[in-house]
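Residue numbers (our numbering): 79 to 256.
We put the CB at the ideal spot given by N, CA and C, even for glycine.
Remember, it's a predicted structure, so these values are computed and weren't measured experimentally.
The structure appears right after this line, and notes come after that.
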């Protein structure tokens, strides 16, 4: 564990996260009963959320990955989004759920939503583990939300700061930076 862990404040415990992921899985099962769902995981932050979600689902699923960049190595978004790894397969005619770790400004997810919608999926939905509405600059239709959180920078459970803290099992708020 990183030495700085003692400066972090627990925001969401792993047991709370696990319970909410299970609830989201049940909701997705109701929405797609008997249908195949193609999950598009936004790398790298959403991979742990996706893995836990998949283990809870009782549906026929497929998974693909897409990577985008908008943060670089800092804690603030640059506002410019670019795809750094595209999907391996076509999503045309598929039931697609974009899996995101955190909906913050909405710039990244809005961009990806428009790009993927143009690829003509049968349905396109969004699952975000965390929603930080105070920072929203672009609205995005989100169908499955784990938790609404305050305007704090969070790490753990896949979320990072310059590639640190992803492996922490709980979600922590970083102390405010001066």
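Below 6 Å CB to CB, which residues in the same chain sit around residue i once its five sequence neighbours on both sides are set aside?
{"i": "residue 171", "result": "200"}
{"i": "residue 198", "result": "170"}
{"i": "residue 206", "result": "178, 181, 220 and 223"}
{"i": "residue 214", "result": "184"}
{"i": "residue 216", "result": "184, 185 and 188"}
{"i": "residue 209", "result": "181, 223 and 226"}
Under DSSP, the alpha helix (DSSP H) around residue i begins and ends at which residues?
{"i": "residue 183", "result": "Neither: residue 183 is in no alpha helix (DSSP H) and is coded neither H nor E."}
{"i": "residue 106", "result": "92-109"}
{"i": "residue 254", "result": "Residue 254 -> no alpha helix (DSSP H), and no H or E assigned at all."}
{"i": "residue 76", "result": "Nothing can be reported for residue 76: it is not among the residues displayed for the chain, which extend from 79 to 256."}
Since residue i and residue j are thought to touch, with beta carbons under 8 Å apart, how far apart are those beta carbons, to the nearest angstrom?
{"i": "residue 221", "j": "residue 203", "result": "4 Å"}
{"i": "residue 174", "j": "residue 128", "result": "The Cβ separation is near 13 Å, so there is no contact."}
{"i": "residue 142", "j": "residue 99", "result": "With a Cβ gap of about 20 Å, residue 142 and residue 99 do not count as contacting."}
{"i": "residue 218", "j": "residue 181", "result": "6 Å"}
{"i": "residue 159", "j": "residue 185", "result": "6 Å"}
{"i": "residue 190", "j": "residue 126", "result": "Not a contact, Cβ separation roughly 19 Å."}
{"i": "residue 237", "j": "residue 112", "result": "The Cβ separation is near 33 Å, so there is no contact."}
{"i": "residue 95", "j": "residue 235", "result": "6 Å"}
Could you check where the beta strand (DSSP E) with residue i kicks off and where it finishes?
{"i": "residue 138", "result": "138-147"}
{"i": "residue 165", "result": "That residue, residue 165, is in no beta strand (DSSP E); it is neither H nor E in DSSP."}
{"i": "residue 121", "result": "114-121"}
Given residue i, which residues of its chain have a CB within under 8 Å of its CB, disregarding the five upstream and five downstream residues?
{"i": "residue 239", "result": "153, 231, 233 and 252"}
{"i": "residue 110", "result": "137 and 173"}
{"i": "residue 114", "result": "137, 138, 139, 140, 172 and 173"}
Taking 7 Å as the limit between beta carbons, can you name the residues of its chain near residue i, skipping five residues before and five after?
{"i": "residue 90", "result": "225, 248 and 249"}
{"i": "residue 92", "result": "247 and 248"}
{"i": "residue 119", "result": "125, 128, 141, 143 and 177"}
Is it true that the stretch 127-138 meets the stretch 157-167, where meeting means three or more beta-carbon pairs spaced less than 8 Å apart? no
Mind the definition here: the stretch 247-255 touches the stretch 105-119 only if three or more C-beta pairs lie below 8 Å; say whether that holds. no
Run through the stretch 175-241 for me and flag every whole beta strand (DSSP E) of 3 or more residues, listed as ranges in chain order. 201-209 and 222-226
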